[in-house]
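Here is the structure we will look at.
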Amino acid sequence: MDKKTIKELLTKDTVIGSRKITATEFRKFFKKTLGDNYEKNPIAWSFIKMPLNHKGKTLKEIIEECNNPVGIKSLEEVLAEDRFKVISTPDKSFIISFDKMMSEAGYDFGDAIVGNKDLMAIVYGKTGTKARPRPACFHIYDNGAVCLKLYLHKVDDRRQYVENASAHIKEIFTNDTGKCNACNFRDGKCKYNCTKTYTIGGRLFHKCYFELTNLVAENIPDYIDLLSEFYPMKKIIRLK
């Protein structure tokens, strides 16, 4: 099958991310379905620039959004889309609850879930800032698995906090998840992640990343408290 034949197979039922599709193919499709002025449609134009942010949607869904824009969706509304049916109900509830507390703390997901060929990501940044410091990010894989990545640096500066934290917080720093296996070791430090070299309880740890795969909703306030030790956040009043 030649390339010309493959391009002609692009239809409204084509699922974004199911195969590599060029910008030229998308442009031809939108010109055919939306008309010559398709580039003036902000949704179509945004889609052409970042198609994998819509990974899992069909082109039919994109056309419907172009013709009937609904405005900015909440994260809960986005996760209700068909493409996220693969995520379990408990994990969706965790993500939504975490998002609400992050919003209270002054951080948001930028009103967009970003994607690449391997996963979708919900990236949090500080609301109202250009730099948008990034404390946390959800990764959503094609099989529905979800993990929460925490971007924590200079752990030794918060050693007392970590050593006195609850067990489920302390284990983030002491378990083997994200352990550096000397993949980039030089002079006892990881070449690319030296800020994740730290000492807890007298033991030296080397981590390439911090990741949670067992998402427990009742621990969300503690995760937010943890992030607030590393990033400036609005104080959240807990109701007893």
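If you read the sequence shown in this note's numbering, its first letter stands for residue 553, the second for the next number, and so on. Note that beta-carbon positions come from the ideal geometry of N, C-alpha and C, so glycine has one too. No experiment lies behind these values; they were computed from the predicted model shown.
{"Asked": "Return the chain-ordered list of same chain residues with a C-beta closer than 6 Å to the C-beta of Y590, the five sequence neighbours on each side being excluded.", "Found": "F582, K583 and A596"}
{"Asked": "From T563, R571, H705 and T585, pick the residue whose C-alpha is nearest to that of F762; which is it?", "Found": "H705"}
{"Asked": "Kindly indicate the opening and closing residues of the beta strand (DSSP E) around H705.", "Found": "Unbroken run through H705: none, as it is neither H nor E."}
{"Asked": "Using only the alpha-carbon positions, how far apart do E770 and P594 sit?", "Found": "40 Å"}
{"Asked": "What are the start and end residues of each continuous alpha helix (DSSP H) run of 4 or more residues lying completely inside the stretch 628-681, in chain order?", "Found": "641-656"}
{"Asked": "Taking I674 as the reference, which of E656, K682 and L702 has the closest Cα?", "Found": "L702"}
{"Asked": "Does the beta-carbon distance from L764 to I721 come in below 8 Å?", "Found": "no"}
{"Asked": "Pull up the distance between the alpha-carbon of M553 and that of V630, whole angstroms please.", "Found": "In this prediction, M553 scores a pLDDT of 46, lower than 50, which makes its location untrustworthy; no coordinate-derived value is stated."}
{"Asked": "Among all the DSSP beta bridges, which residues are the ones paired with T610?", "Found": "V567"}
{"Asked": "What did DSSP end up calling V714 once you bin it into helix, strand or coil?", "Found": "helix"}
{"Asked": "Is it right to say K609 is buried, meaning 16 or more other beta carbons lie within 10 angstroms of its own, or is it exposed?", "Found": "buried"}
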